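Undergrad: Residue numbering for the sequence shown follows my numbering, beginning at 27 and increasing consecutively. Positions of the beta carbon are idealized from the N, C-alpha and C atoms, including for glycine. These numbers were taken from a predicted model, which means no experiment stands behind them.
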Amino acid sequence: MDLLVARDDLGGARNLVMDLGFLPETDTSERANPCFLAYVPAIDEWLRLRTVSRLPFGPFDALEAEGVNQLLTHRQKTGPVAELDRADAFWIVLLYCLLDNAVIDEESTKRLQELALSARPDGVLARFTTRLRPEGWDSQSLIDSAQSGDRASLERLVGDFRTDAEAGRQTGGRGETARTFKRTLQFALSRGHGLTVALLAPDGAGKSSVASALSASLPVPVRVIYMGRARTSNRGRRGSVASGLLRQWRRHLTARYHRFRGRIVLFDRYTYDALLPPRNPKPARIARRWVFAHAVPPPDLVVLLDAPADLMFQRKDEHSREFLEQRRRDYLELRSRLPGMVVVDAAQELDDVRRDVTSAIWSAYSRQLGKRASNRPSPAAQAP
């Protein structure tokens with residue numbers, strides 16, 4: 027959804043939406059229309075809010091600050107929400123239908139017919155539209171066409187506007203392409219707010235399933251990297267330690283690259299598995315495990331998927347119930363060594379587990395950016 031804001035008020039609007047639990051998608055100083063995201067666990071939805079101080083319509087020039095300020099001056103407050111004056115709303119809806127959507131559906135026809143009763147052929151938006159209108163149309167004829175509810179007439183209007191739009195692209199396309207490339211480059215360089223998340227759990231708790239569900243549902247690119255250690259025999263142990271460390275660092279550096287690009291990295295296992303008690307607690311083995319446990323820097327977030335041994339055995343019967351129960355306790359004891367670790371009940375339905383992990387990721391993302399919204403849930407998140 028778009029939030030129309032006067033240019034001078036963009037800073038205040040940014041603080042306000044962050045107070046409500048939203049976080050910037052990227053560095054808001056680098057974008058004319060900064061976008062913000064909020065996760066609402068109660069309804070398992072992502073809300074995307076864009077603050078705009080100018081209104082672009084298709085390939086044509088945007089309505090700049092002066093015109094936007096006039097729209098805001100005429101706005102009407104209905105309850106807690108301020109809306110555009112209906113006369114202005116008519117031209118906004120019409121322009122978006124003609125130049126952005128390039129289609130007039132039945133719902134839009136009814137909406138335009140309703141708003142046309144309040145529309146005026148003068149005003150900042152009427153003049154703006156008149157400047158863009160195809161030959162043979164004026165402000166009053168546009169209002170009359172919409173008020174009649176004649177969808178065929180409105181569809182002809184779409185065709186006329188589209189023809190003019192194509193002509194505009196041919197005359198001004200190169201400059202717009204250059205501007206688009208510049209904005210895209212600035213956007214790419216301003217990224218770097220990704221997150222690394224380690225998923226820990228015994229076999230059968232559902233790490234892979236949760237990682238797949240998160241990859242499909244999170245609104246940002248996700249990469250899954252396996253960080254488990256390869257099993258080796260006693261022979262060539264010294265070489266296996268060196269190769270194992272190199273392998274973990276290669277994976278870690280890959281993750282750092284994706285994090286820098288603004289992606290969320292999900293680690294399937296992590297070096298913290300080496301903190302678990304070994305089956306064969308010889309001094310040399312304990313030393314090797316300590317080295318692996320501290321081989322790479324910590325992730326931004328550690329999530330433990332906790333499930334009963336019986337459930338893990340049903341899902342994956344590679345180990346006995348007794349071993350799985352002991353491993354479960356071993357993982358839970360890591361909380362004393364990893365104080366930031368989040369424990370999620372993995373005995374729930376997969377969708378509920380995904381929702382809980384998503385909420386933990388969003389909280390960690392908030393803390394990482396150091397924003398005021400980090401520990402302040404959105405009022406929408408408290409809705410039933």
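Check each candidate in M338, D343, A281 and V150 and name the one with the smallest Cα separation from D371.
TA: D371 has its Cα closest to that of M338, out of M338, D343, A281 and V150.
Undergrad: Does the distance from the CB of A281 to the CB of T222 come in under 8 Å?
TA: Result yes, Cβ atoms of A281 and T222 sit closer than 8 Å.
Undergrad: Does the structure place the stretch 69 to 84 close enough to the stretch 134 to 148 that three or more beta carbon pairs sit under 8 Å?
TA: Contact fails: fewer than three Cβ-Cβ distances are below 8 Å.
Undergrad: For Q96, I'd like the list of residues in its chain whose CB is within less than 6 Å of its CB, leaving aside the five on either flank, ordered along the chain.
TA: V150.
Undergrad: What are the boundary residues of the alpha helix (DSSP H) that includes F349?
TA: R347 to E359 is the extent of the alpha helix (DSSP H) around F349.
Undergrad: With 16 as the cutoff for other CB atoms within 10 Å, does D34 come out buried or exposed?
TA: Result: exposed.
Undergrad: Would you check if the distance between the CB atom of V232 and the CB atom of L331 is smaller than 8 Å?
TA: Note on identity: in this sequence residue 232 is Gly, with Val being the wrong assignment. For G232 and L331, yes; Cβs fall inside 8 Å.
Undergrad: Using DSSP with H/G/I as helix, E/B as strand and the rest coil, what is W72?
TA: Note: W72 maps to strand in three-state DSSP.
Undergrad: Just how far apart, CA to CA, sit V383 and I290?
TA: Rounded to whole angstroms, V383 to I290 spans 13 Å at the Cα level.
Undergrad: How far does the alpha helix (DSSP H) with R341 in it reach, from first residue to last?
TA: First-last of the alpha helix (DSSP H) with R341: A335 to R341.
Undergrad: I think L364 touches Y298, with their Cβ atoms under 8 Å apart; what is that distance to the nearest whole Å?
TA: Yes, L364 and Y298 are in contact; Cβ-Cβ is about 7 Å, under 8 Å.
Undergrad: Let's see if you can read the secondary structure: which residues bound the beta strand (DSSP E) around R305?
TA: Looking at the DSSP string, R305 is not in any beta strand (DSSP E), and its letter there is neither H nor E.
Undergrad: Quick one: grab the DSSP three-state call for F48.
TA: Reduced to three states, the DSSP call for F48 is coil.
Undergrad: Please classify T210: is it buried, with 16 or more other beta-carbons within 10 angstroms of its beta-carbon, or exposed?
TA: Bear in mind that a pLDDT of 39 at T210, under 50, signals an unreliable position, so the model cannot answer this.
Undergrad: Can you tell me whether D126 is helix, strand or coil according to DSSP?
TA: It is helical.
Undergrad: Just reading off the beta strand (DSSP E) that R249 is part of, what are its end residues?
TA: Run containing R249: V248 to Y252, per the beta strand (DSSP E) assignment.
Undergrad: Please say whether A145 and I169 have beta carbons closer to each other than 8 Å?
TA: Yes, they are a contact pair.
Undergrad: Within the same chain, show all residues whose beta-carbon is closer than 7 Å to that of S235, passing over the 5 residues directly before and after it, in chain order.
TA: Within the same chain, S235 has close Cβ partners L376.
Undergrad: If contacts are defined as beta-carbon pairs under 8 Å, then L226 and V322 qualify, I think. What distance do you get, rounded to the angstrom?
TA: Between V322 and L226 the Cβ distance is about 15 Å, and since that is not below 8 Å, they are no contact.
Undergrad: Mind checking which residues open and close the beta strand (DSSP E) that includes L104?
TA: Going by the sequence as given, residue 104 is Thr instead of Leu. Unbroken beta strand (DSSP E) run through T104: Q102 to T104.
Undergrad: What residues are listed by DSSP as bridge partners for E161?
TA: E161 is not bridged to any residue.
Undergrad: Using the C-alpha atoms, what's the distance from S171 back to F154?
TA: So the alpha carbons of these two residues sit roughly 18 Å apart.
Undergrad: Considering only the beta carbon of each residue, do P325 and Y296 sit closer than 8 Å?
TA: Cβ distance < 8 Å, so P325 and Y296 count as in contact.
Undergrad: Excluding the five sequence neighbours on either side, which residues of its own chain have a C-beta within less than 6 Å of the C-beta of A224, listed in chain order?
TA: F293, Y296, P325 and V328.
Undergrad: In the DSSP output, which residue or residues are listed as bridge partners for Y391?
TA: BP columns for Y391 are empty, so no partner.
Undergrad: Give me the DSSP bridge partner(s) of Y65.
TA: Bridge partners of Y65: W72.
Undergrad: Return the first residue and the last residue of the beta strand (DSSP E) that E109 is part of.
TA: First-last of the beta strand (DSSP E) with E109: V107 to E109.
Undergrad: Thinking C-beta only, is S385 closer than 8 Å to L49?
TA: For L49 and S385, no; Cβs fall outside 8 Å.
Undergrad: Grab the span of the beta strand (DSSP E) containing F293 for me, first residue to last.
TA: Start and end: I290 to D294.
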